[in-house]
Structures are given as C-alpha cells and as structure tokens.
Amino acid sequence: MSTKELVWFVTGASRGLGLALTKRILARGDRVVATARNLNAFDPLLADPSTDRSRILILQLDVTSPADAVQGVVREAVEHWGRIDVLVNNAGMGGGVGPSEEQGVDHMMEVMRTNYTGTLSVTHAVLPHMRKRCAGTVLLFGSRTAYRNEFLGPCECSPRRVCPCAD
Ligand SMILES: NC(=O)c1ccc[n+]([C@@H]2O[C@H](COP(=O)([O-])OP(=O)(O)OC[C@H]3O[C@@H](n4cnc5c(N)ncnc54)[C@H](OP(=O)(O)O)[C@@H]3O)[C@@H](O)[C@H]2O)c1
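This is the structure we're talking about:
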C-alpha cells in the first residue's frame with residue numbers, strides 16, 4: 167500500500183454522514199474500515215458496482231460494546247491494513263427535538279452512552295496504535311446545540327420556540 171493512501175476508520179458508517187464519508191473516501195482512492203452495528207445496512211453500498219471492494223473492510227461495531235470488544239474490532243482493523251491514519255468518531259444519536267424533560271432520562275443516558283462513552287471507548291482503543299507510529303488524526307462529530315440550545319429547551323412564548331431567556 168502506498169504511504170500516500172490514508173486508512174480511515176469510520177464508526178456509524180451505515181447511513182447518514184458516515185455512509186456519505188465512506189463513499190467519498192473510496193472515491194478519493196483511500197482505504198476505509200467501515201463499521202456499523204448492523205452489517206446488513208451495507209448491502210446497497212456493496213451492491214453498487216462503483217464500490218472498490220479491495221479498499222473497504224466492513225466490521226461490526228456497536229460503540230457501546232464493552233471495551234475489550236471495541237479493542238478487538240480495532241485490532242482486527244490494524245492487523246488488516248497495518249495502521250489507522252484517521253479515526254472518524256461519527257456514530258451518534260441526536261438528543262431529540264423538544265423540551266429536555268420530555269426526552270426522559272433513559273433516552274439521555276443512551277445518548278451519553280453512544281455519543282460520549284462510545285466515542286471515548288473507540289478513541290481509547292485506537293490511540294495506542296497511533297502513539298506507536300507517532301501519527302494519526304482523530305475526528306469528533308459534535309453539535310452546535312451543545313453551546314447554543316435551540317432544541318432541548320424550546321419555549322411556548324417564542325414564535326421560533328426558542329426561550330428568550332436562553333440569550
Ligand atoms: N446531521 C446533522 O445535522 C448533525 C448535527 C449535529 C451533529 N451531528 C452528528 O453527526 C453524526 C452523524 O450524523 P447523521 O446525521 O449522519 O446521523 P444519522 O443519520 O442518525 O446516523 C447515525 C449513525 O450512527 C450510528 N449509530 C448510532 N448508535 C450507534 C452505536 N451505538 N454504535 C454504532 N453506530 C451507532 C447509526 O447506526 P444505525 O443505522 O444502526 O442506527 C448511524 O449509522 C452523529 O454523531 C450526529 O450526532 C449531526
């Protein structure tokens with residue numbers, strides 16, 4: 167493999183931005199470890215004749231799995247292509263639209279397990295391999311809602327359903 171080619175590791179590659187990025191990575195001639203918790207989701211991608219199968223490794227990964235399971239998937243990826251150049255922590259779930267109290271604590275805990283703990287777990291599994299090579303890039307997906315809340319606490323008194331108290 168040429169040193170100019172990058173090896174990407176993408177979580178939540180089954181749909182949305184993760185799938186779009188996976189297609190772009192293949193289109194630019196790089197290699198990708200595309201992971202998803204449901205492998206059947208990749209069927210349309212693999213059925214597409216433009217998909218270069220020699221550049222994609224598909225692995226099952228639920229980012230909320232126990233740490234040793236996550237480490238096992240990362241190890242398999244590293245053994246396959248010798249390295250991970252770019253980790254894309256894309257897997258995530260939205261906090262939901264509507265007042266925070268209507269989402270329920272169970273839902274918010276699931277969001278935390280996926281977006282926060284899941285991201286940490288995958289990053290912790292990949293970092294030792296990047297440290298060994300003194301090289302690597304870690305990407306994190308976040309949301310502007312984290313610092314400008316327009317969804318979790320809308321207010322009936324505003325036409326935009328944004329509480330005037332928020333500013
Ligand atoms: N789109 C936006 O406007 C926006 C805005 C702010 C932040 N973001 C963030 O950007 C990222 C991608 O957004 P998106 O719009 O493409 O989201 P999306 O269409 O909802 O896709 C989310 C992806 O994450 C996967 N996923 C969820 N929980 C998982 C888990 N426990 N383990 C492994 N994969 C899991 C989903 O897999 P399944 O198919 O199995 O459900 C899916 O592939 C997310 O982290 C999201 O929070 C997006």
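Take my numbering: the last position of the sequence shown gets the number 333, and nothing is skipped along the way.
Ideal Cβ positions, reconstructed from N, Cα and C, are used throughout, including at glycine.
Keep in mind it's a predicted model, so treat the numbers as computed, not measured.
Looking at the backbone, the Cα of H295 and that of D214 are separated by about 32 Å. A distance of 8 Å or more separates the beta carbons of L227 and L185. Between the stretch 300 to 314 and the stretch 249 to 263 there are three or more C-beta pairs closer than 8 Å, enough to call the two in contact. Counting C-beta pairs closer than 8 Å gives fewer than three between the stretch 267 to 278 and the stretch 189 to 207, which falls short of the contact rule. In this structure, R203 has its beta carbon less than 7 Å from a heavy atom of ligand 1.
DSSP places R299 in the uninterrupted alpha helix (DSSP H) bounded by T285 to R299. Relative to ligand 1, the beta carbon of S287 is positioned no closer than 7 Å to any heavy atom.
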